[in-house]
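Down below is the structure, laid out as structure tokens.
Chains as they are written, first to last, in my numbering: chain R, 15 to 322; chain G, 2 to 250.
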């Protein structure tokens, strides 16, 4: 259950950063950009000071792992194996496979890939549905007024609480798992997209009207690009929710594979080393996926966005 | 020909324009001057079909304006917001051409041709926010001209530019008007500018419920020149007359 608690915290955190971020329309007047060149020269003197800061982060992480290693070795508890052994176990379990399988073992193919597949399917469906519905809701004042209370309610329901409903509707298995992910992850994208689409700059809408852009062009060249920062704020929340729901739905009986299944399976066998390995794997996956999404965001939103 | 017939606009119950009638013949460059808050922008938005006239009627070439009229273009004051920052300069300018069903290559060629005309041939692949204010407003003018409009509306287009840039753009506008013969409605609060640029100056009374208090043809000898024209006694006299009307004297 620690995963759920973490979800709440992670969600709240990203949300404040999402609303704190200035959206294009929120800014009063995008005056000509301070050219990036000037900014970089201004930053240059600070660079040496910034470098140790990055190092410091790794030093702290390294120290924490070392302390854990030391404490675990000294204590010798079966419940808290040292990180070195966990890493070794992860390697043996999942990453010691043949080269032609990208070093993945059969166990990795059997456990990690189905999880990732379900998560990818759920996240993709949630993203597409959330963006489409969000634009529809956000572009119509009436639809927004009608749907907003429902959306706020849907968002407030803790996502794992929905899983029992889907168990009843879909029975155990992949459709239930994907449905759980979609119905949890869709709300942040939907709400943020609606908010972003609703705040399209009215002057830019006038421009679109004067240029007589069609509805599709208006969406493609105005509404979606200007809502993009908000859309990505929603996607980041949805991604972490997808990971949580992926694991959570796999913890339930009736699952035959997946990382969540590995967790419960190892727990019933009192194989705590595998439990820890699965936890570390989930942490690493979450970090990697988030980094990937941030890279996509930087590429899409960074361009032409210095001021607006 | 643009015709406003007894047009009235209200903000809630508050009158903004009242019983405003105006006829702009083809090819005229009409300057609309008035103190701020007198409804100049409302007037332009009404002509552009962005705001339906609450009273009276607007017609362009005899057709009543219900939506945005065909072959109409608008240049807004706030170039930073009116240009789409996620598109390059060329894509911004080429945007209105999509409606005409031109291919990608044709749109690009056309956009580059018009950019060259406004003196921005080197900036096609940059983003608007990488350019100075004056250059951004040139991009907005290029975007307005690319569809060869027969009616061009400009809402204090040079209001936020420095004096030198402003004069350059005034001359660019005059050149465009001379060669294309476009009908232009140019809204400004700058009395000098209105007399320098316009064929005719219309002064609106301060709100609420603005109406025309002065309708003055501008007849100045010779081609307009920033230094020479502004020194002409005719220019000084016209400027004084417009100034008095704006101040309500």
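Beta carbons: idealized from backbone N, C-alpha and C, even for Gly. Owing to the predicted nature of the structure, the values given are computational and were not obtained by experimental measurement.
Per-residue contacts from residue i into chain R (C-beta, under 9 Å)
{"i": "residue 100 (chain G)", "result": "225, 226, 227, 228 and 231"}
{"i": "residue 97 (chain G)", "result": "224, 225, 226 and 227"}
Reference residue i, options the options, closest by Cα
{"i": "residue 266 (chain R)", "options": "R:301, R:180, R:212 and R:256", "result": "R:180"}
{"i": "residue 81 (chain R)", "options": "R:304, R:97, R:91 and R:243", "result": "R:97"}
{"i": "residue 204 (chain G)", "options": "G:236, G:240 and G:177", "result": "G:240"}
{"i": "residue 201 (chain R)", "options": "R:147, R:280 and R:262", "result": "R:147"}
{"i": "residue 140 (chain G)", "options": "G:170, G:51 and G:12", "result": "G:170"}
{"i": "residue 220 (chain G)", "options": "G:159, G:202, G:210 and G:80", "result": "G:202"}
{"i": "residue 63 (chain G)", "options": "G:222, G:5, G:182 and G:146", "result": "G:5"}
{"i": "residue 104 (chain R)", "options": "R:192, R:199 and R:298", "result": "R:298"}
{"i": "residue 132 (chain R)", "options": "R:277, R:259 and R:305", "result": "R:259"}
{"i": "residue 154 (chain G)", "options": "R:214, R:225 and R:141", "result": "R:225"}
{"i": "residue 214 (chain R)", "options": "R:197, R:244 and R:203", "result": "R:244"}
{"i": "residue 163 (chain R)", "options": "R:174, R:173, R:151 and R:172", "result": "R:151"}
{"i": "residue 173 (chain G)", "options": "G:118, G:122, G:110 and G:160", "result": "G:118"}
{"i": "residue 131 (chain G)", "options": "G:57, G:87, G:21 and G:227", "result": "G:87"}
{"i": "residue 60 (chain G)", "options": "G:95, G:8 and G:234", "result": "G:8"}
{"i": "residue 240 (chain R)", "options": "R:315, R:71 and R:134", "result": "R:315"}
{"i": "residue 49 (chain G)", "options": "G:34, G:249, G:77 and G:233", "result": "G:77"}
{"i": "residue 280 (chain R)", "options": "R:107, R:85 and R:218", "result": "R:107"}
{"i": "residue 102 (chain R)", "options": "R:176, R:304, R:295 and R:309", "result": "R:295"}
{"i": "residue 207 (chain R)", "options": "R:149, R:115, R:85 and R:304", "result": "R:149"}
Close beta carbons around residue i, own chain, < 7 Å, minus the five adjacent residues each side
{"i": "residue 93 (chain R)", "result": "286"}
{"i": "residue 300 (chain R)", "result": "254 and 257"}
{"i": "residue 153 (chain R)", "result": "211 and 237"}
{"i": "residue 27 (chain G)", "result": "2 and 184"}
{"i": "residue 150 (chain G)", "result": "72, 73, 74 and 183"}
{"i": "residue 197 (chain G)", "result": "171, 225, 230 and 231"}
{"i": "residue 1 (chain G)", "result": "Absent from the model: residue 1 (chain G). The displayed extent of chain G is 2 to 250, so no value can be given."}
{"i": "residue 271 (chain R)", "result": "124, 125 and 128"}
{"i": "residue 127 (chain G)", "result": "89 and 90"}
{"i": "residue 85 (chain G)", "result": "93"}
{"i": "residue 192 (chain G)", "result": "34, 240, 243, 244 and 247"}
Under 8 Å by beta carbon: chain G residues contacting residue i
{"i": "residue 217 (chain R)", "result": "77, 79, 82 and 83"}
{"i": "residue 236 (chain R)", "result": "85"}
Beta-carbon contacts of residue i that lie in its chain and below 8 Å, excluding the five residues immediately before and after
{"i": "residue 307 (chain R)", "result": "246, 249, 250 and 253"}
{"i": "residue 170 (chain R)", "result": "none"}
{"i": "residue 162 (chain G)", "result": "134, 135, 138 and 170"}
{"i": "residue 196 (chain R)", "result": "136, 139, 140 and 143"}
{"i": "residue 192 (chain R)", "result": "132, 135, 136 and 139"}
Residue i versus residue j - alpha carbon distance
{"i": "residue 182 (chain R)", "j": "residue 99 (chain G)", "result": "51 Å"}
{"i": "residue 311 (chain R)", "j": "residue 209 (chain R)", "result": "18 Å"}
{"i": "residue 120 (chain G)", "j": "residue 205 (chain R)", "result": "44 Å"}
{"i": "residue 120 (chain R)", "j": "residue 111 (chain R)", "result": "7 Å"}
{"i": "residue 73 (chain R)", "j": "residue 87 (chain R)", "result": "21 Å"}
{"i": "residue 185 (chain R)", "j": "residue 13 (chain G)", "result": "57 Å"}
{"i": "residue 113 (chain R)", "j": "residue 230 (chain R)", "result": "47 Å"}
{"i": "residue 210 (chain G)", "j": "residue 243 (chain G)", "result": "20 Å"}
{"i": "residue 246 (chain G)", "j": "residue 108 (chain G)", "result": "45 Å"}
{"i": "residue 26 (chain R)", "j": "residue 289 (chain R)", "result": "Any reading at residue 26 (chain R) is ruled out, since the residue's pLDDT is 37, under 50, leaving its predicted position unreliable."}
{"i": "residue 65 (chain G)", "j": "residue 227 (chain G)", "result": "38 Å"}
{"i": "residue 326 (chain G)", "j": "residue 190 (chain R)", "result": "Past the boundaries of the shown model lies residue 326 (chain G); chain G is included only from 2 to 250, so the question cannot be answered."}
{"i": "residue 179 (chain G)", "j": "residue 54 (chain G)", "result": "31 Å"}
{"i": "residue 216 (chain R)", "j": "residue 96 (chain G)", "result": "18 Å"}
{"i": "residue 190 (chain G)", "j": "residue 302 (chain R)", "result": "56 Å"}
Close beta carbons around residue i, own chain, < 6 Å, minus the five adjacent residues each side
{"i": "residue 20 (chain R)", "result": "Here the model assigns residue 20 (chain R) a pLDDT of 38, short of 50, so the residue's position is not dependable and the matter cannot be decided."}
{"i": "residue 199 (chain G)", "result": "30, 32 and 219"}
{"i": "residue 274 (chain R)", "result": "261, 264 and 265"}
{"i": "residue 99 (chain R)", "result": "none"}
{"i": "residue 146 (chain G)", "result": "115"}
{"i": "residue 292 (chain R)", "result": "273, 276 and 277"}
{"i": "residue 167 (chain G)", "result": "159"}
{"i": "residue 156 (chain R)", "result": "none"}
{"i": "residue 156 (chain G)", "result": "42, 45, 77, 78 and 188"}
Interface residues of chain G facing residue i [CB-CB closer than 9 Å]
{"i": "residue 185 (chain R)", "result": "Within 9 Å Cβ-Cβ: nothing; residue 185 (chain R) doesn't reach chain G, min ~45 Å."}
{"i": "residue 239 (chain R)", "result": "85, 86, 87 and 88"}
Residues that residue i contacts on chain R, provided the C-beta gap is smaller than 8 Å
{"i": "residue 252 (chain G)", "result": "Residue numbering for chain G in the displayed model covers 2 to 250; residue 252 (chain G) lies beyond these limits and cannot be assessed."}
Neighbouring residues, chain B, relative to residue i (Cβ below 8 Å)
{"i": "residue 69 (chain G)", "result": "Absent from the structure: chain B. Protein chains present are R and G."}
Cross-chain neighbours of residue i in chain G, by beta carbon under 7 Å
{"i": "residue 220 (chain R)", "result": "51"}
| query | What residue ranges within the stretch 51 to 129 of chain G form continuous beta strand (DSSP E) runs of no fewer than 3 residues, ordered along the chain? | reply | You should have 56 to 61 and 73 to 76.
| request: Any chance you could list the alpha helix (DSSP H) runs of at least 4 consecutive residues sitting entirely within the stretch 168 to 200 of chain G, in chain order? | output: Fully contained in the stretch 168 to 200 of chain G are the following alpha helix (DSSP H) runs of length 4 or more, in chain order: 192 to 198.
| Can you list the beta strand (DSSP E) stretches of 3 or more residues lying completely in the stretch 11 to 39 of chain G, in chain order? | Along the length of the stretch 11 to 39 of chain G, whole beta strand (DSSP E) runs at least 3 residues long occupy 15 to 25 and 30 to 34, reported in chain order.
| query | Considering only residues of the stretch 151 to 191 of chain R, which uninterrupted beta strand (DSSP E) runs meet the minimum length of 3 residues and lie entirely inside it, listed in chain order? | reply | For the stretch 151 to 191 of chain R, not a single whole beta strand (DSSP E) run of length 3 or above is found.
| Which runs of the alpha helix (DSSP H), 4 residues or longer, sit entirely within the stretch 231 to 277 of chain R? | Runs found: 238 to 265.
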